[in-house]
Structures are given as structure tokens and as C-alpha cells.
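By full-length UniProt numbering, the letter at position 16 of the sequence shown is numbered 16, and the numbering carries on one by one without gaps.
Notes to accompany the following structure.
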Amino acid sequence: MPLFAVTYRYEAAQSEEREANKPAHREWLDAQVTAGAIRSVGPFVDGSGALLLVEADDDEAARSLVNDDPHCLRGMVSEITVREWRPVFGAFS
């Protein structure tokens, strides 16, 4: 199944809201990782966003999946990019 690099962009002004929403966000992420839909996920160290490696049939399915993230549902992600990624070497190849 194709793998997609999904990036979230966060606005610094919403950091307190995101922190308060983090338990729901992480619960959702954990469920998606357990189901195999998300292969890996984590925030950028500078707090500007996050990277999710999503397994999906196509980019629309990947975008549909992340649109259900509590951070997205509450408007805490200012931009989402979805790009198909083809790993050649390493853990995801």
C-alpha cells in the first residue's frame, strides 16, 4: 500500500490550545498507529508542526484520515500537505 508523508503546520498563537487538546490528539494517533494506518508520527522539534507517515490507498484517503484528527477538527492545524513517498532504503522500504 502507498505511503504518504503528511505534514501539519501549527501557528504559535495556538500552542496553549494544542497543549490542552493533546490527550485527545494522542489518543487518536495511538488508535491509528495500532490500526496500521499511521506508520510513524512526531512533532518537529521547533514546534512548527508535525510529520505523519500514513499508509493509504491514495492521497485523498490519507487526507480524509488526518482530517479526523482532533487537532484538525478543532482548527489547530493551519496547513496540511500530503505527498506520496517511496522509501528506497531503511525501515520503511
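Glycine included, each C-beta is placed from N, C-alpha and C at the ideal position.
Checklist entry - beta strand (DSSP E) containing S40: first to last residue? => result I38 to P43
Checklist entry - When the Cα of G36 is compared with those of N21, P43 and L52, which residue comes out closest? => result L52
Item to check | Beta-carbon spacing of V77, F4 below 7 angstroms | outcome: Taking 7 angstroms as the Cβ cut-off, V77 and F4 do not qualify as a contacting pair.
Item to check | Own chain, CB closer than 8 angstroms to D68, minus 5 neighbours either side, in chain order | outcome: Around D68, the same chain offers W28 as residues with beta carbons nearer than 8 angstroms, after the five sequence neighbours per side are excluded.
Checklist entry - How would you label V6, buried or exposed, when you count the other beta carbons within 10 angstroms and need 16 or more for buried? => result buried
Item to check | Helix, strand or coil at R74 [DSSP, three-state] | outcome: coil
Next on the checklist: Give me the DSSP bridge partner(s) of L3.
Outcome noted: E55 and W85
Checklist entry - Closer than 6 angstroms: is that where the CB of L3 sits relative to any heavy atom of the ligand ADP? => result Absent from the structure shown: the ligand ADP. Ligands present: none.
Item to check | Among Y8, L73, G47 and V82, the one whose alpha carbon lies nearest that of A61 | outcome: V82
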